[in-house]
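Following: one structure in structure tokens, then a few remarks.
Residue numbers (this note's numbering): 7 to 285.
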């Protein structure tokens with residue numbers, strides 16, 4: 007049915023064009039015949055013929071030459087306005103969602119690589135993070151972190167206090183009684199890594215802290231006080247593996263309000279924490 011309608015419109019368009027051409031040629035012919043002839047009737051006929059030819063010619067040439075140009079210009083302006091006002095799915099708008107879950111170690115290292123002054127990472131146990139230092143080749147993660155420390159970037163890792171009542175209750179509620187022990191193990195491994203880097207005399211400092219708060223998400227902040235700050239976060243969803251939780255990347259430059267909320271959260275957790283090697 008849509009094809010029939012389109013065909014009918016095309017046929018009508020051709021008929022209109024043919025009729026317009028006939029009127030235009032007829033008017034132009036009458037104008038040439040009556041031009042210069044004496045008498046009121048010839049003069050009136052000449053005016054009517056010129057009017058008919060012009061009345062057809064102007065819309066005809068508009069449709070033929072100008073209409074498409076104006077349409078293209080209009081669509082171009084509309085596209086530009088939509089691009090400016092509507093958020094897109096790419097990082098150009100500073101908000102990217104990774105529904106597939108945790109990025110690879112190499113991609114994580116790339117996310118941190120642009121840091122200039124500070125990195126803060128918070129999690130219940132940070133078990134996967136500790137594993138990147140312990141079980142992955144140095145080139146995948148430990149090497150890039152060493153470069154950041156050598157450039158004076160300070161790194162802070164925060165895990166839940168394994169002895170807090172909150173983590174004990176949380177582990178019971180999700181049916182994971184070994185979670186406090188894993189948090190303690192990760193904290194010890196990260197502390198050993200931090201001490202190793204400290205022994206190298208690097209200008210940047212790695213610190214491991216434990217908090218009495220129960221982190222409600224994984225959070226990685228890069229240069230939170232800089233205009234180029236970035237944030238990566240993944241919620242803790244009961245029944246969903248940590249590796250499968252959706253990951254959200256946020257750029258401060260274009261998502262300032264949302265970015266600030268996560269910075270406020272991180273500062274709250276840090277305020278209620280202590281260095282691991284301090285009683």
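All C-beta atoms in this analysis are idealised placements derived from N, C-alpha and C, irrespective of residue type, glycine included.
inquiry  = For residue 278, which residues in the same chain have their Cβ closer than 8 Å to its Cβ, ignoring the five residues on either side in sequence?
reply    = The residues are 217, 218, 219.
ask   = Buried or exposed: residue 162, going by 16 or more other Cβ atoms within 10 Å of its Cβ?
value = buried
Buried or exposed by the 16-neighbour rule on C-beta atoms within 10 Å, applied to residue 226 = buried
task = Evaluate contact between the stretch 184-200 and the stretch 236-247, counting only Cβ atoms and requiring at least three cross-stretch pairs below 8 Å.
result = Judged by Cβ distances under 8 Å, the stretch 184-200 makes no contact with the stretch 236-247, as fewer than three pairs qualify.
message = Tell me the residue span of the beta strand (DSSP E) that contains residue 161.
response = 160-166
Residue 239 burial status per 10 Å Cβ neighbour count (16 or more: buried) = buried
ask   = Under three-state DSSP, which class holds residue 129?
value = The answer is strand: DSSP assigns residue 129 an E or B state.
request  = Kindly identify the DSSP beta-bridge partner or partners of residue 102.
outcome  = 255
message = Please classify residue 209 as buried or exposed, where buried requires at least 16 other C-beta atoms within 10 Å of its C-beta.
response = It is exposed - the Cβ of residue 209 has fewer than 16 other Cβ atoms within 10 Å.
ask   = Can you list, in chain order, the residues of its chain whose CB lies under 6 Å from that of residue 224, leaving out five sequence neighbours each side?
value = Within the same chain, 129, 240 come within 6 Å of residue 224 by CB-CB distance, once the 5 residues on both sides are set aside.
request  = In the DSSP assignment, find the beta strand (DSSP E) that holds residue 188 and state where it starts and stops.
outcome  = Where residue 188 is concerned, there is no enclosing beta strand (DSSP E), although the alpha helix (DSSP H) it sits in stretches over 185-205.
task = Pick helix, strand or coil for residue 144, following the three-state DSSP scheme.
result = Residue 144 falls in the coil class under three-state DSSP.
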